[in-house]
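A quick write-up on the structure given underneath.
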DNA sequence: TTCATTTATTTGTCCTGGACAAATATGCGT
DNA sequence: ACGCATATTTGTCCAGGACAAATAAATGAA
């Protein structure tokens, strides 16, 4: 059996790498890479090797590097850059918990991982579990993935296990009468839902009523859901991979659709490096900050009620 | 407080409606709709009203209508078309189960819904629950959504509840030693994961080992996951919203990346109306057919082993 | 030197208008 | 009514140009 090197159309490459067609074409003309072949219709055909390199480039860009530096480079130099980033960031807190969890990921033991996490949760309590275990663990997993040490499906598995454990916990402390009523989700381009899940866990513990819409909800639908659930706060999460330039416009747009008395809080690594603060939304760079926001909301409400 | 009619960029409309920029521009020049305004940079700006109409059009297209018929039409006529479709398809099996579940969706009672579903599952057993309850229920929810009677966040809520109940069940019957080892997921443009979850439940009951990767896994990562899990079968699901013309190429592409001894099975409403059968993959138009495929795989393996 | 402000470059997104093939509809002969 | 050949429809791709926001580099003041 001959193995045909799979070769992808520009649309397929867009799907696989997350780089838009426009970007792929522009890079080609600006940096000379990628350099796809052409089929008989004159359309671009990308060999698998180049697609792999594009993935690597995308990861490095998510880590903050700029295209001009890396798009021209060859495989080897890219790998070197990824490694360099590794030593700078990875070392300080590679605790035991992370190590054992990462280990389970690599040997593909979903049940073991889930059990491990659940045990930790019971031992530490939900709040500490989220703050001290899951948060750094997410970080470690993200780093490992950026370094190419983890496949996407392994990251998927991790996400899944954590989700499972957290949602179970949230369900058991959830109180429909709790206040404020918090709606949590992500915008359509953001598939990562762990951030809001962590917030949901902490908020639910504090007695808020959390409604999680899952990920990728269009702004219009968020607005509708806010109305039909009577939510007072909307929490969004932006991962580091979310295009920076779109965070502020997205928040503005959402604001437009909501009544003025609904709060918008935005968290996640994607909001940490914002140049200026958004005008009408509050940033939650850390989970601690999220708890502070909740406390302040309550203080404010109480003062209004008593006056 | 003045409510500013939100107006969206072409990229935002693409996200919200699922219609690509190219399509939006072409429709504009071919049918005169949408007819966006322009901002000071000369870029298209879509008023909310037109975006709403585009959503409706997209739904009708997913139902099989062609653009030339509907893109020019006004709101009223579109609504009429949607209604017409309704009476034709909706009536026959609007059973009691569906009605009560839909009711709970509309009053936003997540806990009640989940409890209701779980009770049904215990009463019927997992297999019957999936085949006789969840499958028609999915259908009913999909129809209701297509008719505009359900908001996306309500559909989200439904999906979530079902997922919760099914995964719980799957986990408790899962057997790591089971055969075949089946990997289930969807491709990057397909966010709907209920289909594979139903299959996973049925297969797990039959003693197969199911590895669910969640949704939206790039083909390359599917291939890697197949290798690292030693999977023998890959199950994909395509909803009716998946662009028809891309189903076959996508299957071909995936085949190229997998070894020849790995089976590819494709199910979901998106595969039901395919013009021709794919060359190297098996279609699972119904859940019963999925079970048949599993049985045949086993028969085949046994005959090989015994010869 | 260090910091803040101005100027230059980089970079993603959008634009027009044209080409094409696959999918679908229509007309025709049987 | 059915099968086949010819139109039409429709989504995707292409080139190459324009622009503004983001970022880097240069400049001058403290």
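Protein chains in written order, with my numbering: chain A, 4 to 310; chain B, 4 to 310. Just so it is clear, CB atoms sit at the ideal spot from N, CA and C, and this is done for glycine as well. Since the model is a prediction, treat every value here as computed from it, not as a measurement.
Under the three-state reduction of DSSP output, residue 265 (chain B) falls in the coil class, being neither helix nor strand. Residues of chain A with a Cβ closer than 7 Å to the Cβ of residue 223 (chain B) are, in chain order, 19. The residue among A:212, A:72 and A:63 with its C-alpha nearest the C-alpha of residue 243 (chain A) is A:63.
A direct Cα-Cα distance of roughly 37 Å separates residue 61 (chain B) from residue 74 (chain A). Here residue 184 (chain B) is bridged, per DSSP, to B:212. DSSP lists B:10 as the bridge partner or partners of residue 50 (chain B). For residue 275 (chain A), same chain residues with a beta-carbon under 6 Å away, outside a window of 5 residues either side, are 288 in chain order. Membership of residue 175 (chain A) in any beta strand (DSSP E) is not indicated; the residue belongs instead to the alpha helix (DSSP H) covering 155-176.
Ranking B:81, B:109 and B:206 by CA distance to the CA of residue 130 (chain B) puts B:206 first. Exclusion of the five residues before and after residue 266 (chain A) leaves 236 as the residues of its chain whose Cβ lies within less than 6 Å of its Cβ. From the listed residues B:168, B:13, B:268 and B:255, the smallest Cα separation to residue 29 (chain B) is found for B:13. Distance from the CA atom of residue 232 (chain A) to the CA atom of residue 111 (chain B), rounded to whole angstroms, is 7 Å. With contacts defined as CB atoms closer than 8 Å, residue 164 (chain A) and residue 246 (chain A) fail to qualify as a contacting pair. 154, 155, 156, 157, 159 and 160: these are the residues of the segment 149-161 of chain A whose beta carbon lies less than 9 Å from some beta carbon of chain B, given in chain order. Residue-level contact check: residue 163 (chain A) touches chain B, since one or more beta carbons of chain B fall below 8 Å from its beta carbon. Bridge partners of residue 240 (chain B) according to DSSP: B:270. Within chain B, the residues placing a beta-carbon under 9 Å from that of residue 192 (chain A) are 18, ordered along the chain.
In this structure, residue 157 (chain B) places its C-beta atom within 8 Å of the C-beta atom of residue 109 (chain B).
When secondary structure is reduced to three states using DSSP, residue 22 (chain B) falls in the coil class, being assigned neither helix nor strand.
Interface annotation for the segment 225-245 of chain B against chain A: 227, 228, 231 and 232, criterion Cβ-Cβ distance under 7 Å. Rounded to the nearest angstrom, the Cβ distance from residue 115 (chain A) to residue 107 (chain A) is 5 Å, consistent with a contact under 8 Å. Using beta-carbon distances, residue 285 (chain B) does not count as an interface residue toward chain A, since no partner is under 8 Å. For residue 219 (chain B), the chain A residues whose Cβ falls inside 8 Å of its Cβ are 194, in order along the chain. In the three-state reduction of the DSSP assignment, residue 179 (chain A) falls in the coil class.
Check the Cα spacing between residue 171 (chain B) and each of B:216, B:121, B:297 and B:187: the tightest is with B:121.
Fewer than three pairs of CB atoms, one per stretch, sit closer than 8 Å, so the segment 145-160 of chain A makes no contact with the segment 214-226 of chain A. Among the residues of chain B, those whose CB is under 7 Å from the CB of residue 216 (chain A) are 156 and 159, following chain order. By the Cβ criterion, the segment 253-261 of chain A is not in contact with the segment 287-305 of chain A, since fewer than three pairs of Cβ atoms, one from each stretch, lie closer than 8 Å. Membership of residue 68 (chain B) in any alpha helix (DSSP H) is not indicated, and neither H nor E is assigned to it by DSSP. Against residue 111 (chain A), the close residues of chain B are 231 and 232, in the order they occur along the chain (beta-carbon pairs closer than 8 Å). Think of a sphere of 8 Å around the beta carbon of residue 256 (chain B): the chain A residues whose beta carbon falls inside it are 9, 11 and 15, in chain order.
Under DSSP, residue 285 (chain A) takes part in a beta bridge, and its partners are A:268.
The three-state secondary structure of residue 41 (chain B), taken from DSSP, is strand. Under the DSSP assignment, residue 133 (chain B) falls outside any alpha helix (DSSP H); it carries neither an H nor an E label. The segment 21-41 of chain B and the segment 50-57 of chain B touch, with no fewer than 3 CB-CB distances between them shorter than 8 Å.
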